[in-house]
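A.B. asks:
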Ligand SMILES: [Zn+2]
Ligand SMILES: [Zn+2]
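Protein chains in written order, with UniProt numbering: chain C, 1 to 479; chain H, 1 to 479.
Below is the structure:
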């Protein structure tokens, strides 16, 4: 890590993000354009995200499996809107074992097709339903404009794929997984997301309904942080996923799919990060607490290290993810900056005077400078540390929510709308169609992010058509 | 699962294996030739394998990361023997986003090249060393003859990649990871593997030394279950991985790589499986205990379910992975066969008479029939269950070791050698070269599996050349 400062978010949000990702050693560019290396610190964060999601998937009855990376190109063509959506983005294997392949294979951009093909063979009767499977993998989409974590040619994700006997069950699953994503985002990542349904023009290629959670980034733009699709019988018809029902009739299944990806890392960075670098929510942080011993000579060192090591071991014992920074030849100031850049939620400083007084200094990452510093007794410090981590988690969520609420503008005319989307989200009464969405996008670069699930029980006037409507929608510029 | 029996291992070991994999629902064939779907039961086993290995990797200081799937084809050409080894097996992406690519990309067959490229940028000085990174991913090798888990076009694995300042450190790392694999194989998978070093002709493409662990399958053939490579400075030179040493000189790093893959699942099947199906070691089994309640009417059902549910909950509480089989409309006999096919280590039967007598019936999977059955008091059964799982684990290892030792033949002439490899391994005094290995392979289909690390401190006579030698080698036909 160099000692150079990041550009501030106000100066250049985009460049602040790019430099932060590299300097916090979250990720790096790969030799192939648009591909990403997730470095150990970034991957440890992703592993914590995976664990928090996987726990929720298993608690709702899902099992993990692994489906193949390579899919016959013809599979994608079986579902008309699916191929239309994905064919511009495919990476195609044409040579295998030094021979031209008879049928080209695509590197999976998503797995509805190949999983549909398997389900058609595995599912015979209603007794086999529901099938509730998830996979953790990477997928490839040939994107033109790329950005680490947010849009890369290869990205890491989970994709859930389920099959059900009825529309109602499939819809309940789709909504349940949206709830799971919302719960994860709010309670683990401290992201106050808005769950809602997508308009037709923003739907997943092949879905009847797409739900998403939308988060507001630190520059007021939106980021879709997870999606859950009710695929109706579209893939069941394309892949012949049928079952013999209780009534003796053969019927097509109803399927769903849902995914969350390494984009969520980008969201965490852009929601919580500050001008000093990353700020990580304690529940996901690879390192929750760093202990920096401060000493000028060997005597001081022995004194300080005894106290620091003891506290370190107490934390390990109660399951706090802690690092003791014993690196030689670096100043405390350098170390403070380094751990601030990496977003460690809590820093503990222990110097010789602290040991004498029987105290340690705590510095909260979410409140930079003096405001976030406190001095606590060395005895019983572990209790304060544990509760402070909880407090940081909640404070980060509250701060992000206050930021979002302040920039979530209720507007009733197009001029106010245009102003609103310069700094955040525009919430409007909405009765428009796809053509009107297109017009708005062309004129303002804002898209309909979602129709929030949470709707006021009222009638309003569509801000564009002037027609009465019971529906509110959220528009924003988006990543 | 159909009620049809498997072919016995004696009848047709190959077909026994293929049917077992499908009928235990471990894996299935994918639409692309030679690719594999790992089904939830198989993936749960792999997740337990991953956890047991990952714990050991982290305990030895390694961090996980993720490197890209797509590698410029030219990268492979930078290391001469590497490209020679892998070029016949490559899957090549030539089209991206509907356009012919300027440079073709290979789907990674292994990641030394792309990781070497990253290390060259990340490593500046001796202070940055060692770099100890692992990744969990899938790789693609265009194999002609494929077999589920044992050899598939895409397979799942981990690959560790480390960089060091000296040859000695790299060699110590290489050996340490071989020890980690041995420890995992013996203590988690109950596989009595033989750790050793490969001959030059069996080395990894680009390595100076390749170590492996070799296991004997139920048909006496060998399977290489994990490898650890000392890559010398070969990849450091090819990718210019240099560091400024303490003495102020720029030097090339010494690198290693090591991997274990889903092949290990094949080894577990072929070592422990019997004519009834899979037999899983308790430490890795997705389901360690299955409880089958037996009842003929509603009264019996209520009685039995109360006891069964109570025991189930006791097991959950102490962390035993347990399944309560409440499926309706299936006979107990069907359920017994089903769980035997899936290799669940311990089955508990509870019928109305057992409840009356205050007992439960335990049936060990590793000892089929009456021999493995015992009746224990319902009170305190949990203690017996926990210790029986440990006992099964150890008994499986002892059984596999006895089998292997009985078929590990010390032979001193070529005729005895030819007989030995019909049923198992041939251990010989060895002073031959690559040409002699080739001749033996052509004449017998046996290959030099390894020179065991554990050597007698003696001099013997090479069974082929007649020259005196201090080295023993193991030959076998191999998967
Ligand atoms: Zn896209
Ligand atoms: Zn091969």
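Note that the Cβ used here is the ideal one computed from N, Cα and C, for glycine as well.
Give the DSSP-derived three-state secondary structure of residue 157 (chain C) in the structure shown.
C.D. replies: Along the first chain, read from residue 1 onward, the residue named residue 157 (chain C) stands at position 157. Residue 157 (chain C): strand per DSSP, three-state reduction.
A.B. asks: Identify each residue in the stretch 152-174 of chain H for which the Cβ-Cβ distance to at least one residue of chain C is less than 7 angstroms, and report them in chain order.
C.D. replies: Listed by position, the residues of the stretch 152-174 of chain H near chain C (Cβ gap below 7 angstroms) are 154, 156.
A.B. asks: In whole angstroms, give me the CA-to-CA distance for residue 155 (chain C) and residue 207 (chain C).
C.D. replies: Here the question's residue 155 (chain C) lines up with position 155 in the first chain. Here the question's residue 207 (chain C) lines up with position 207 in the first chain. Taking the straight line joining both Cα atoms gives about 21 angstroms.
A.B. asks: Pull up the distance between the alpha-carbon of residue 149 (chain H) and that of residue 218 (chain H), whole angstroms please.
C.D. replies: Here residue 149 (chain H) refers to the residue found at position 149 when the second chain is read from its first residue. Here residue 218 (chain H) refers to the residue found at position 218 when the second chain is read from its first residue. Taking the straight line joining both Cα atoms gives about 16 angstroms.
A.B. asks: Could you check how far apart the C-beta atoms of residue 102 (chain H) and residue 94 (chain H) are, in whole angstroms? I think they sit under 8 angstroms.
C.D. replies: Against the second chain, residue 102 (chain H) aligns to sequence position 102. Against the second chain, residue 94 (chain H) aligns to sequence position 94. In fact, because the Cβ distance is near 10 angstroms, the residues do not count as touching under 8 angstroms.
A.B. asks: Determine the burial state of residue 297 (chain C): buried for a count of at least 16 other Cβ atoms within 10 Å of its Cβ, exposed for fewer.
C.D. replies: Here residue 297 (chain C) refers to the residue found at position 297 when the first chain is read from its first residue. Under this definition residue 297 (chain C) is an exposed residue.
A.B. asks: In the stretch 70-104 of chain H, which residue ranges form an unbroken beta strand (DSSP E) of at least 3 residues, counting only runs that do not cross its ends?
C.D. replies: You should have 70-72, 91-96.
A.B. asks: For residue 119 (chain C), which three-state DSSP category applies?
C.D. replies: Counting from one through the first chain, the residue named residue 119 (chain C) turns up at place 119. Residue 119 (chain C) falls in the helix class under three-state DSSP.
A.B. asks: What do you get for residue 331 (chain H), buried or exposed, if any count of 16 or more other CB atoms within 10 angstroms of its CB means buried?
C.D. replies: Here residue 331 (chain H) refers to the residue found at position 331 of the second chain. Label assigned to residue 331 (chain H): exposed.
A.B. asks: For residue 61 (chain H), which of C:40, C:133, C:313, C:250 has the nearest alpha-carbon?
C.D. replies: Sequence index remark: in the second chain, residue 61 (chain H) carries index 61 (1-based). Closest option to residue 61 (chain H), Cα to Cα, is C:40.
A.B. asks: Indicate whether at least one CB of chain C lies closer than 8 angstroms to the CB of residue 79 (chain H).
C.D. replies: Looking up residue 79 (chain H) in the second chain gives position 79. Chain C contact via Cβ: absent.
A.B. asks: Can you grab the Cα-Cα spacing for the pair residue 125 (chain C) / residue 231 (chain C), in whole Å?
C.D. replies: Residue numbering aside, residue 125 (chain C) sits at position 125 when the first chain is read from its first letter. Residue numbering aside, residue 231 (chain C) sits at position 231 when the first chain is read from its first letter. Cα to Cα, residue 125 (chain C) sits roughly 20 angstroms from residue 231 (chain C).
A.B. asks: Does residue 427 (chain C) have its Cβ less than 8 angstroms from a Cβ in chain H?
C.D. replies: Walking along the first chain from the start, residue 427 (chain C) turns up at place 427. Chain H, which has no Cβ nearer than 8 angstroms to the Cβ of residue 427 (chain C), makes this no.
A.B. asks: Measure from the C-beta of residue 17 (chain C) to each C-beta in chain H and report whether the shortest distance is under 8 angstroms.
C.D. replies: For the purposes of this step, residue 17 (chain C) is taken as the residue at position 17 of the first chain. Not closer than 8 angstroms to any Cβ of chain H, the Cβ of residue 17 (chain C) fails to qualify, so no.
A.B. asks: Where does residue 20 (chain C) fall in DSSP's three states?
C.D. replies: For the purposes of this step, residue 20 (chain C) is taken as the residue at position 20 of the first chain. If DSSP states are grouped into helix, strand and coil, residue 20 (chain C) belongs with the helices.
A.B. asks: Residues in the stretch 15-39 of chain C with C-beta within 8 angstroms of chain H's C-beta atoms, listed in sequence order?
C.D. replies: Under the 8 angstroms Cβ criterion, the stretch 15-39 of chain C contributes 28, 30, 31, 32, 35, 36, 37, 38, 39.
A.B. asks: Indicate the three-state DSSP secondary structure (helix, strand or coil) for residue 221 (chain C) in the structure shown.
C.D. replies: By one-based count along the first chain, residue 221 (chain C) stands at place 221. If DSSP states are grouped into helix, strand and coil, residue 221 (chain C) belongs with coil.
A.B. asks: Measure the alpha-carbon distance for residue 8 (chain C) versus residue 214 (chain H) and round it to whole angstroms.
C.D. replies: For the purposes of this step, residue 8 (chain C) is taken as residue 8 along the first chain, with counting starting at 1. For the purposes of this step, residue 214 (chain H) is taken as residue 214 along the second chain, with counting starting at 1. Approximately 56 angstroms between the Cα atoms of the pair.
A.B. asks: What does a CB cutoff of less than 8 angstroms around residue 343 (chain H) pick up in its chain, not counting 5 residues either side in sequence?
C.D. replies: Counting from one through the second chain, the residue named residue 343 (chain H) turns up at place 343. Closer than 8 angstroms at the Cβ level, and outside the excluded window around residue 343 (chain H), lie 24, 272, 273, 277, 278, 279, 280, 285, 365.
A.B. asks: Buried or exposed, going by whether 16 or more other CB atoms sit within 10 Å of the CB of residue 445 (chain C)?
C.D. replies: Walking along the first chain from the start, residue 445 (chain C) turns up at place 445. It is exposed - the Cβ of residue 445 (chain C) has fewer than 16 other Cβ atoms within 10 Å.
A.B. asks: Could you spell out where the beta strand (DSSP E) holding residue 373 (chain H) opens and where it closes?
C.D. replies: The residue given as residue 373 (chain H) occupies position 373 in the second chain. Here the beta strand (DSSP E) through residue 373 (chain H) covers 373-377.
A.B. asks: Does the structure place the stretch 42-57 of chain C close enough to the stretch 65-78 of chain C that three or more beta carbon pairs sit under 8 angstroms?
C.D. replies: Verdict: no, contact absent.
A.B. asks: Cα separation between residue 110 (chain C) and residue 159 (chain C)?
C.D. replies: For the purposes of this step, residue 110 (chain C) is taken as residue 110 along the first chain, with counting starting at 1. For the purposes of this step, residue 159 (chain C) is taken as residue 159 along the first chain, with counting starting at 1. The alpha-carbon atoms of residue 110 (chain C) and residue 159 (chain C) are separated by roughly 8 angstroms.
A.B. asks: If you compare alpha carbons, which of H:414, H:327, H:477, H:423 is closest to residue 127 (chain C)?
C.D. replies: For this step, residue 127 (chain C) is matched to residue 127 along the first chain. Comparing Cα-Cα distances from residue 127 (chain C) to each of H:414, H:327, H:477, H:423, the minimum goes to H:327.
A.B. asks: Pull up the distance between the alpha-carbon of residue 122 (chain H) and that of residue 259 (chain C), whole angstroms please.
C.D. replies: Taking the first residue of the second chain as 1, we reach residue 122 (chain H) at position 122. Taking the first residue of the first chain as 1, we reach residue 259 (chain C) at position 259. Looking at the two C-alpha atoms, the distance is approximately 32 angstroms.
A.B. asks: So who's on the other strand from residue 136 (chain H), going by DSSP bridges?
C.D. replies: As a position in the second chain, residue 136 (chain H) is number 136, starting the count at 1. DSSP output for residue 136 (chain H) lists H:158 as bridge partner(s).
A.B. asks: Any idea if residue 184 (chain C) is buried or exposed, counting beta-carbon neighbours within 10 angstroms, 16 or more meaning buried?
C.D. replies: The residue given as residue 184 (chain C) occupies position 184 in the first chain. Answer is buried; the Cβ neighbour count reaches 16.
A.B. asks: In whole angstroms, what is the alpha-carbon distance linking residue 177 (chain H) and residue 447 (chain H)?
C.D. replies: Here residue 177 (chain H) corresponds to residue number 177 of the second chain, with the count starting at 1. Here residue 447 (chain H) corresponds to residue number 447 of the second chain, with the count starting at 1. Approximately 24 angstroms between the Cα atoms of the pair.
A.B. asks: Quick check: the Cα distance between residue 196 (chain C) and residue 373 (chain C), rounded to an integer number of angstroms?
C.D. replies: To locate residue 196 (chain C), count along the first chain from 1; it is residue 196. To locate residue 373 (chain C), count along the first chain from 1; it is residue 373. Between residue 196 (chain C) and residue 373 (chain C), the C-alpha separation is close to 39 angstroms.
A.B. asks: So the candidates are H:329, H:180, H:397; which of them puts its Cα closest to the Cα of residue 59 (chain H)?
C.D. replies: Within the second chain, numbered from 1, the residue matching residue 59 (chain H) stands at position 59. When only C-alpha atoms are compared, the closest one is H:180.
A.B. asks: So that I know if they touch, is there some Cβ in chain H lying closer than 8 angstroms to that of residue 98 (chain C)?
C.D. replies: Here residue 98 (chain C) is taken as the residue at index 98 of the first chain, counted from 1. Chain H contact via Cβ: present.
A.B. asks: Residue 254 (chain H) versus chain C: which residues are under 7 angstroms apart at the beta carbon?
C.D. replies: If you number the second chain from 1, residue 254 (chain H) lands on position 254. Neighbours of residue 254 (chain H) on chain C: none; closest Cβ ~20 angstroms, over 7 angstroms.
A.B. asks: Roughly how many angstroms lie between the CA atoms of residue 463 (chain C) and residue 29 (chain C), to the nearest whole one?
C.D. replies: Here residue 463 (chain C) is taken as the residue at index 463 of the first chain, counted from 1. Here residue 29 (chain C) is taken as the residue at index 29 of the first chain, counted from 1. In a straight line, the C-alpha of residue 463 (chain C) is about 43 angstroms away from that of residue 29 (chain C).
A.B. asks: Just checking: is the beta-carbon of residue 130 (chain C) within a distance shorter than 8 angstroms of some beta-carbon in chain H?
C.D. replies: Within the first chain, numbered from 1, the residue matching residue 130 (chain C) stands at position 130. It does not; no Cβ of chain H falls within 8 angstroms.
A.B. asks: Among C:305, C:89, C:105, which one has its Cα closest to the Cα of residue 96 (chain C)?
C.D. replies: Here residue 96 (chain C) corresponds to residue number 96 of the first chain, with the count starting at 1. Of C:305, C:89, C:105, the residue nearest in Cα terms is C:105.
A.B. asks: Can you give me, in chain order, the residues of the stretch 60-79 of chain H that have a beta carbon less than 8 angstroms from any beta carbon in chain C?
C.D. replies: If the cut-off is 8 angstroms between Cβ atoms, the stretch 60-79 of chain H has 63, 64, 65, 66, 67, 68, 69, 70, 71, 72, 75 near chain C.
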